[in-house]
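The sequence shown finishes on residue 441 if you use our numbering, and the numbering steps up by one all the way, no holes. Since the structure comes first, as structure tokens, the remarks are kept for the end.
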Amino acid sequence: MPAESLVQRDAKVIWHPDTQMLSEPAPIPIVKGEGALLIDEQGQAYIDADASWWVNIIGHGHPLVAEKIAEQARRLEHCIFACLTHEPAVQLAEQLLELLPGSCTRIFYSDDGSTSVEVALKMAIQYWHNQGMPRLKILALEGGYHGDTFGAMSVGAKSVFTAPFEPYLFEVTYLPLPKPGMPFPLAEESLQEYAAFIFEPLIQGAGGMRIYDAGALDDWLSICRQHHVLLIADEVMTGFYRTGKMFACEYLHQKPDIICLSKALTGGTLPLGVTACTEKIFKAFLSQDKRKAFLHGHSYTANPLACSAALASLDILRTEAYQQRIVQIIHHHQLFLERLREYPCFQHPRQIGTIAAFEVLDEASYTSPLRDELYLFYLRHGVLMRPLGNTIYLMPPYCITDAQLAQIYEATYALGEWLLQRT
Ligand SMILES: Cc1ncc(COP(=O)(O)O)c(C=O)c1O
Numbered sequence: 019m020p021a022e023s024l025v026q027r028d029a030k031v032i033w034h035p036d037t038q039m040l041s042e043p044a045p046i047p048i049v050k051g052e053g054a055l056l057i058d059e060q061g062q063a064y065i066d067a068d069a070s071w072w073v074n075i076i077g078h079g080h081p082l083v084a085e086k087i088a089e090q091a092r093r094l095e096h097c098i099f100a101c102l103t104h105e106p107a108v109q110l111a112e113q114l115l116e117l118l119p120g121s122c123t124r125i126f127y128s129d130d131g132s133t134s135v136e137v138a139l140k141m142a143i144q145y146w147h148n149q150g151m152p153r154l155k156i157l158a159l160e161g162g163y164h165g166d167t168f169g170a171m172s173v174g175a176k177s178v179f180t181a182p183f184e185p186y187l188f189e190v191t192y193l194p195l196p197k198p199g200m201p202f203p204l205a206e207e208s209l210q211e212y213a214a215f216i217f218e219p220l221i222q223g224a225g226g227m228r229i230y231d232a233g234a235l236d237d238w239l240s241i242c243r244q245h246h247v248l249l250i251a252d253e254v255m256t257g258f259y260r261t262g263k264m265f266a267c268e269y270l271h272q273k274p275d276i277i278c279l280s281k282a283l284t285g286g287t288l289p290l291g292v293t294a295c296t297e298k299i300f301k302a303f304l305s306q307d308k309r310k311a312f313l314h315g316h317s318y319t320a321n322p323l324a325c326s327a328a329l330a331s332l333d334i335l336r337t338e339a340y341q342q343r344i345v346q347i348i349h350h351h352q353l354f355l356e357r358l359r360e361y362p363c364f365q366h367p368r369q370i371g372t373i374a375a376f377e378v379l380d381e382a383s384y385t386s387p388l389r390d391e392l393y394l395f396y397l398r399h400g401v402l403m404r405p406l407g408n409t410i411y412l413m414p415p416y417c418i419t420d421a422q423l424a425q426i427y428e429a430t431y432a433l434g435e436w437l438l439q440r441t
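Okay, here's the thing in structure tokens:
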């Protein structure tokens with residue numbers, strides 16, 4: 019009997035994320051990653067146009083990161099972080115605190131984007147609790163996405179993703195996306211009841227790559243700050259030059275009290291979450307009373323391999339070559355979006371930093387059948403791209419070559435022609 023293929027074995031034992039296992043196409047068996055490419059068993063290469071769920075900024079199989087991880091694995095692969103410490107965790111915290119906008123002084127490690135958000139919310143709530151002045155409410159923006167765990171789902175938009183769980187999610191007050199001149203939608207006195215305001219700065223990612231105005235956000239943040247509402251910036255997607263600057267909050271005057279990081283933090287190699295906070299917040303947990311400690315921790319907190327990968331990725335990211343590459347991608351995206359305007363089937367071309375997005379004319383819905391057609395169309399053109407409903411976006415690793423970028427752009431123009439023929 020011939021040996022079963024990887025896909026056949028997968029079909030028997032694996033349950034894939036965000037996937038309707040009954041009807042969606044079988045997964046592609048990937049055997050290798052090389053720069054911006056993912057290569058399957060047959061040797062077919064796909065350009066990783068969404069950076070493997072927005073994590074990969076330095077490309078697959080980067081030799082320096084691989085070396086650093088291997089070196090660290092030989093020295094210390096992991097240890098409990100509640101009562102121990104190690105060099106990679108401390109060094110990474112030192113570097114991040116230097117780089118982060120505002121005045122964060124402490125780094126709390128966790129595992130991924132969702133846990134970094136859970137930590138941020140719990141920190142904010144307990145900050146008030148510890149001071150005997152509980153503030154029970156949370157503010158968030160309509161249309162946001164902060165992860166798939168319960169706290170993160172609670173503060174995100176309600177959708178097909180959250181529908182079965184809604185009775186279990188806590189109540190949140192949503193503000194519309196701020197626009198210039200839009201008055202703050204709540205009575206300011208009511209802000210005294212709010213522990214925190216969580217937002218994705220400048221662009222909502224999973225909500226459809228919705229870019230919004232930094233000045234308008236700043237105005238609202240300033241009102242919240244006057245009433246001591248803690249500002250939580252979820253930079254899980256926007257961090258590490260996605261918006262053109264190292265962090266999106268660099269575009270804001272009001273700096274956050276808490277910042278969540280993950281995804282590109284390790285260059286896309288290993289899972290790691292970070293929640294940074296200011297000294298004011300940290301100090302509210304210092305007490306002779308142990309119950310005031312932040313009693314939260316995950317088994318793999320501050321994993322040394324992940325911290326080493328993050329340090330290596332930061333080094334690579336700050337090289338002249340990468341800085342130039344980021345500028346070039348921004349420039350290429352601009353020209354590409356200009357050209358998209360020639361296609362009536364493409365709408366709302368928009369860009370922030372290295373992210374370019376547009377809609378394909380359709381009823382906007384994540385479950386739209388068009389979404390799967392778009393996915394397969396790009397795949398046939400050697401591009402791995404997972405549209406958000408009818409929203410197509412490019413968020414490639416920064417190591418992508420000009421030729422690879424051109425291949426994605428050409429695939430998109432071909433898509434435009436194909437859609438025109440269908441109408
Ligand atoms: C802004 C934002 N926050 C949090 C998350 C959750 O991150 P993770 O998928 O690593 O749990 C995401 C994931 O897309 C995100 O975009």
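Ideal placement from N, C-alpha and C gives every residue a C-beta, glycine not left out. Keep in mind that this is a model prediction, so the values were computed, not measured.
In the three-state reduction of the DSSP assignment, Ser128 falls in the strand class, which pools E and B. In the DSSP assignment, Leu56 is bridged to Gly51, Tyr64. Excluding five sequence positions before and after Glu377, the CB atoms of its chain that fall closer than 6 Å to its own CB belong to Gln365, His366, Asn408, Thr409, given in chain order. With a threshold of 16 other beta carbon atoms within 10 Å, Met413 meets it and is buried.
Membership of Ala214 in the beta strand (DSSP E) is indicated by the continuous run 212-217. At a threshold of 6 Å, Ser132 counts as near ligand 1, since its beta carbon sits closer than that to one of the ligand's heavy atoms. Judged by pairs of C-beta atoms under 8 Å, the stretch 251-264 does not touch the stretch 430-440, as fewer than three such pairs exist. Counting C-beta pairs closer than 8 Å gives fewer than three between the stretch 167-186 and the stretch 196-207, which falls short of the contact rule.
In this structure, Glu211 has its beta carbon at no less than 6 Å from each heavy atom of ligand 1. Scanning its chain for C-beta atoms nearer than 7 Å, with the 5 sequence neighbours on each side dropped, one finds around Gly371 the residues Tyr259, Arg260, Thr261, Gly262, Ile348, in chain order. In the assembly as shown, Thr293 is a buried residue. Its beta-carbon has 16 or more other beta-carbons within 10 Å. Counting along the chain, Cys278 sits inside no alpha helix (DSSP H); it lies in the beta strand (DSSP E) bounded by residues 276-279.
Sequence-distant partners of Arg389 (beyond 5 residues in either direction) whose C-beta falls short of 7 Å from its own C-beta, in its chain, are Pro405, Gly407, Asn408. Sequence-distant Cβ neighbours of Ala63 in its own chain, meaning closer than 6 Å and more than five residues away, are Leu55, Ile57.
Taking a cut-off of 8 Å on C-beta distances, the stretch 105-113 does not touch the stretch 139-148, as fewer than three cross pairs fall below it. Buried is the label assigned to Arg228, since at least 16 other Cβ atoms lie within 10 Å of its Cβ. Note on Cys101: under 16 other CB atoms within 10 angstroms of its CB, so exposed under the neighbour-count rule.
A check of alpha carbon separations from Met151 across Ser134, Gly162, Val247 identifies Val247 as the nearest. Ile373 sits in a strand when the DSSP states are folded into three classes.
With a threshold of 16 other beta carbon atoms within 10 Å, Trp238 meets it and is buried. Taken atom to atom, the span from the alpha-carbon of Met403 to that of Asp68 is near 6 Å. Contact between the stretch 92-99 and the stretch 129-137 is absent, with fewer than three C-beta pairs closer than 8 Å. DSSP, read as helix, strand or coil, puts Ala44 in coil. Contact between Gly233 and Gly161 fails: their C-beta atoms lie close to 19 Å from each other, not under 8 Å. By the criterion of at least three beta-carbon pairs nearer than 8 Å, the stretch 277-287 is in contact with the stretch 66-83.
For the pair Ile156 and Val190, the CB atoms are nearer than the 7 Å cut-off. In the three-state reduction of the DSSP assignment, Phe188 falls in the coil class, being assigned neither a helical nor a strand state. Ala330 sits away from Leu118, with the two beta carbons spaced by 7 Å or more. For Ala88, the enclosing alpha helix (DSSP H) covers residues 81-93. The stretch 334-342 makes no contact with the stretch 174-192, as fewer than three CB pairs between them are under 8 Å. Each residue's CA atom was taken as its position, placing Ala214 and Phe188 some 14 Å apart.
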